[in-house]
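See below for the structure under consideration.
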Amino acid sequence: MFLRRRLLSTAAAAASARGPPPIRVSLTESAGRGVFATRPVSSGELLHSAQPLVSHPSHSLLHEVCYNCLRRKPGEGRASSGGYYFCSDTCSDHAKGFHDIDKDVDWSLFDYHCSSRGLKYPYMAKRLACMVISGSANADCLNILQPARLHQGTLIEMKEEFELLESTLRKAGFQEEATAYWYINVLARIRINAFRIELVASSYEDLLSSAAASVSCDSSVGNAVYMLPSFYNHDCDPNAHIVWLDSADAKLKALRDIEEGEELRICYIDTSLDADARQKILADGFGFKCHCLRCLSGD
Numbered sequence: 127m128f129l130r131r132r133l134l135s136t137a138a139a140a141a142s143a144r145g146p147p148p149i150r151v152s153l154t155e156s157a158g159r160g161v162f163a164t165r166p167v168s169s170g171e172l173l174h175s176a177q178p179l180v181s182h183p184s185h186s187l188l189h190e191v192c193y194n195c196l197r198r199k200p201g202e203g204r205a206s207s208g209g210y211y212f213c214s215d216t217c218s219d220h221a222k223g224f225h226d227i228d229k230d231v232d233w234s235l236f237d238y239h240c241s242s243r244g245l246k247y248p249y250m251a252k253r254l255a256c257m258v259i260s261g262s263a264n265a266d267c268l269n270i271l272q273p274a275r276l277h278q279g280t281l282i283e284m285k286e287e288f289e290l291l292e293s294t295l296r297k298a299g300f301q302e303e304a305t306a307y308w309y310i311n312v313l314a315r316i317r318i319n320a321f322r323i324e325l326v327a328s329s330y331e332d333l334l335s336s337a338a339a340s341v342s343c344d345s346s347v348g349n350a351v352y353m354l355p356s357f358y359n360h361d362c363d364p365n366a367h368i369v370w371l372d373s374a375d376a377k378l379k380a381l382r383d384i385e386e387g388e389e390l391r392i393c394y395i396d397t398s399l400d401a402d403a404r405q406k407i408l409a410d411g412f413g414f415k416c417h418c419l420r421c422l423s424g425d
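As structure tokens, this is what we get:
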């Protein structure tokens with residue numbers, strides 16, 4: 127009997143591991159949509175993984191990380207005809223749609239505009255435009271995500287960026303129906319939902335590379351936008367976190383034991399900052415005032 131119960135328990139655990147993620151998306155009382163546990167979750171448990179809807183390498187690392195998955199370049203890799211690096215045939219094939227458009231366009235003016243102003247999100251909008259033109263993505267694929275609140279100055283800047291993007295694509299012979307409204311709509315969602323991708327070192331060589339990147343203030347390999355991870359709300363004392371091991375594929379893990387029905391929250395910023403600094407960054411970057419227990423206590 128004991129052995130039978132043990133086998134049944136093992137089988138149930140295996141079935142659970144193969145089953146859907148232990149989460150559901152639902153409305154919260156004060157923060158719109160949120161992600162909730164559908165069963166008790168143990169500390170350290172993998173909640174789910176997620177692949178990006180759109181991503182782009184950091185501009186300074188264009189030839190040092192995979193142009194598709196953002197994996198760091200080892201000693202050797204596969205370069206495309208456009209000079210970008212792909213870590214595998216799989217990534218090269220997956221990127222074929224947007225890359226076939228991308229490599230035939232002269233992006234020099236667009237790149238200069240963005241790099242001279244330290245802009246990163248327009249590159250992601252550019253990639254999404256190439257994905258839409260190639261048919262590998264729908265123009266409205268980000269519409270379900272929450273948009274940022276935009277100031278008038280930001281809107282004017284976005285229109286200038288769109289006009290540059292549009293003229294660049296037209297010179298390359300692509301007559302698309304992209305509009306300034308579409309571009310601003312996309313940028314508004316990318317700005318508030320993009321994650322800064324910092325890979326976990328998986329080897330001694332990666333550790334040295336990460337350390338060198340941190341010294342040069344370039345520890346981020348790029349940025350990415352996801353569907354499900356974008357539904358996680360913020361808490362300065364989170365019960366879950368998002369990690370990237372060796373590529374832009376995201377892993378959501380529990381930081382502590384979580385009860386069934388409890389909302390899963392991540393921290394959008396550096397948790398080591400003091401309360402005033404956190405409030406300022408959250409207000410300026412995400413447009414809300416944090417009322418988590420940690421902030422209310424002044425910690």
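Each number in my numbering comes from the position in the sequence shown (counting from 1) with 126 added on. Glycine included, C-beta positions come from ideal geometry on N, C-alpha and C. Model, not experiment: these values are computed from the prediction.
- Minimum Cα-Cα distance from H189 among the listed residues L271, K222, N319, V347 corresponds to V347.
- The C-alpha of K415 is placed about 12 Å away from the C-alpha of A403.
- Three or more pairs of CB atoms, one per stretch, sit closer than 8 Å, so the segment 177-196 contacts the segment 374-387.
- Counting every other CB atom within 10 Å of its CB across the protein chains shown gives L153 a total below 16, marking it as exposed.
- Note on the segment 373-397: whole beta strand (DSSP E) runs with a minimum of 3 residues are 376-380, 389-392, in chain order.
- If you compare the alpha carbons of D361, L408, M250 with that of N349, the shortest gap goes to M250.
- In this structure, A314 and L254 do not form a Cβ contact; the two beta carbons are roughly 13 Å apart against a cut-off of 8 Å.
- Three or more Cβ pairs drawn from the segment 224-234 and the segment 291-304 lie within less than 8 Å of each other, which places the two stretches in contact.
- Here the alpha carbons of E286 and D228 stand approximately 20 Å from one another.
- L422 counts as exposed, since fewer than 16 other beta carbons sit within 10 angstroms of its beta carbon.
- Cβ contact annotation for L172 (same chain, cutoff 7 Å, sequence separation greater than five): K377, K379, in chain order.
- The three-state secondary structure of R315, taken from DSSP, is helix.
- Counting along the chain, the unbroken beta strand (DSSP E) around H367 starts and ends at 366-369.
- Residue pairing from DSSP leaves N194 without any beta-bridge partner.
- Relative to the Cα of F288, the nearest Cα in the group D361, D237, R322 belongs to D237.
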